[in-house]
Every structure is written in structure tokens, then in C-alpha cells.
Amino acid sequence: VMNDIITTMFNKKFMEELFKPQELYSKKALRTVYDRLAHASIMRLNQASMDKLYDLMTMAFKYQVLLCPRPKDILLVTFNHLDAIKDFVRDSPGILNQVDETFRQLIETYSSLSAGEFQLIRQTLLLFFQDMHIRVSIFLKDKVQNSNGRFVLPISGPVPWGTEVPGLIRMFNRNGEEVKRTEFTTDGNYVTPQREGSFDLYGDRVLKLGTNMYSVSRPVETHMSGSSKNLASHAKENTAPNPLAKEELNFLARLLGGLDIKKPGGRETGFRLNLFRTDEEEEHAALTRPEELSYKVINIEAMQ
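Residue numbers for the sequence shown, in the UniProt record's numbering: 1 to 304.
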């Protein structure tokens with residue numbers, strides 16, 4: 001399933017279209033791309049489950065963009081995404097080469113941009129997500145999201161690379177000479193970052209935004225207001241999933257691939273994935289689905 005989805009996602013023609021200079025996708029167009037990618041394999045999601053998955057993915061990315069220490073770190077978040085995808089297909093050289101080619105295009109296109117250009121990209125993305133305040137259970141549990149769906153901004157932790165820990169004001173004269181220093185205390189517990197993340201094809205990204213948020217033990221990038229404890233310094237990183245999980249999923253895919261399960265209409269084979277606990281909950285979600293989420297189908301030509 002993952003190989004089929006990743007192959008479609010990193011199709012050469014599709015990537016060429018994405019890298020063309022253009023306006024940001026509309027919400028309807030983005031949702032259509034999500035739908036097509038989710039259904040690029042034998043897996044099938046019903047409308048209510050797709051709504052739930054889309055909400056989770058968009059809010060997770062909004063969280064990552066909002067908490068980037070520097071605008072340029074959006075690129076490190078993207079590299080974390082691609083590093084994780086490469087782990088899924090490390091045993092498939094052809095697909096891995098597709099991902100690496102996209103990696104090289106990202107480096108070539110964006111690594112030379114100025115801080116101002118990255119800030120424009122970041123602000124454009126945040127404008128896209130500004131009216132989306134969907135509550136996500138994992139964010140609520142980690143106290144990085146309030147009950148109204150808004151994220152909590154950090155007041156502790158590493159400062160952006162290339163900046164100093166707040167607490168000192170320098171005053172200069174007209175000749176640019178420092179003439180006075182004033183120190184002040186801050187409510188946060190800020191620290192200097194150890195090093196900058198790697199912007200190369202391979203390397204330590206340092207930044208944890210964009211890594212697996214469902215790992216057993218993970219650093220929390222945000223701290224509640226008034227907290228004097230830096231949780232990130234005490235959390236042990238463990239983003240490696242269960243080594244048996246991939247084999248179990250592959251075995252499940254082989255089993256399902258050999259089945260002939262008819263949909264109610266009898267037109268299509270596949271299996272049905274439901275993200276709800278019961279059929280009644282799914283039906284209720286479908287009935288309460290806002291009308292503005294409806295969209296027209298956009299045909300995207302992507303040949304394997």
C-alpha cells in the first residue's frame with residue numbers, strides 16, 4: 001500500500017507540475033490531491049474517514065509551520081518528511097530514486113532563497129491555515145493545543161539558530177560602538193541550539209518538527225505558558241517504529257491483495273478502511289459533514 005501511494009506521490013510528471021511557479025493551491029484542489037493519493041492503492045476510505053484523515057494531516061502541518069524557529073526551517077521540516085518516506089521504501093530502489101530526485105529538486109530550488117523569501121512562504125502557508133482550528137487528540141494530550149483548537153506558542157527551549165538567548169539589551173552610539181548593556185530576566189527557559197540542522201541530501205536535521213508524532217517517546221516542541229521546565233531536554237527521542245510493524249502491514253497487504261471484496265455497488269474491488277469506532281459514528285459524521293467541504297473532481301494525470 002505504501003509503495004503504491006509513494007510511487008504515485010513522487011511521479012515525475014506530477015513533481016514537474018508541482019515545481020512550476022504558481023499560486024498556492026486552493027483548499028478544494030488540495031483536498032482533491034489528498035483524496036487521489038489516499039486511493040492510489042488497494043486501500044479505500046469512505047467520505048467520513050477521509051475527512052478525519054485530512055483534518056489530521058492539515059492540522060499537523062499547520063503545527064509544524066507555526067512552530068518553525070526560523071522561516072528557513074520549513075525546509076528542514078520537509079526534509080524530515082522525506083527522510084521518513086525514504087525509510088518506508090528503503091528496500092525498493094526504484095521508488096527510493098524517485099524520492100531522492102525530489103529531494104535534489106527541493107535543494108536546488110529552495111536552498112538559495114533569502115530569509116525574506118522563506119518568511120513570505122511561511123506567511124503564505126499560515127494564511128492558508130489561519131481559519132482551521134480543528135482539535136487533535138494527540139496535541140490536546142501533549143498540551144500543545146488549547147480546547148479552542150489554537151496552538152500554544154513556546155516560551156522555552158532552543159532559540160533559532162544564529163540568534164542569542166534573550167536577556168541582554170545592547171545600546172550603540174551613532175558610530176556603531178557599543179556604549180551600554182542592560183540585562184533583564186525572562187519568564188522562559190531559553191537555551192542556545194547546539195548546531196544547525198543539515199540541508200543536505202543526508203544528515204542530521206536536528207529539528208524534530210516533521211518527525212513521527214506517534215512515536216512511543218518523542219520531544220514536545222511547545223511548553224505551556226508559565227512552565228519553567230524544558231520538557232524537550234528530558235524527553236528521549238525514539239522515532240523508530242516497531243521493526244515488525246512494516247512486515248505485518250506488508251503481510252496484511254498481500255492477504256488483502258488476494259481477496260475479491262465487492263463494494264455495495266459491485267463495481268470495484270478492494271478493502272474498506274474505517275477510522276471510526278462504529279458504523280453508527282461514521283454515519284453520523286457523514287450526515288453532519290459541512291457543505292463547504294464538498295468539491296469538484298480535478299483530474300491529475302500521473303502515469304507510473
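Built from N, CA and C at the ideal position, the CB exists for glycine as well. Keep in mind the model is a prediction, meaning the values are calculated, not measured.
Proximity to TYR214 across ALA60, ARG90, THR186, ARG174 peaks at ALA60, based on C-alpha coordinates. Under the three-state reduction of DSSP, GLY157 is assigned to strand. Boundaries of the alpha helix (DSSP H) around ARG122: 115 to 129. According to the DSSP assignment, ARG181 belongs to the beta strand (DSSP E) that extends over 178 to 183. For PHE88, the enclosing alpha helix (DSSP H) covers residues 73 to 88.
From the listed residues ASP187, GLU23, PHE172, the smallest Cα separation to ILE121 is found for GLU23.
When DSSP states are grouped into helix, strand and coil, PHE172 belongs to the strand group. Under the criterion of beta carbons closer than 8 Å, VAL89 and ILE6 qualify as touching, at roughly 6 Å. 9 Å or more divides the Cβ of PHE118 from the Cβ of TYR63.
Bounds of any alpha helix (DSSP H) do not take in MET213, whose DSSP letter is neither H nor E.
Taking C-alpha positions only, GLY176 is separated from VAL191 by approximately 28 Å. With the rule of 3 Cβ pairs closer than 8 Å, the stretch 23 to 36 does not count as touching the stretch 141 to 150. Nearest to GLU282 by alpha-carbon distance, out of PHE14, MET50, ALA29, is MET50. Cβ contact annotation for ALA286 (same chain, cutoff 8 Å, sequence separation greater than five): ASN46, GLN47, ALA48, in chain order. Put simply, of HIS284, LYS28, TYR202, ASP279 the residue whose alpha carbon is nearest the alpha carbon of ALA84 is TYR202.
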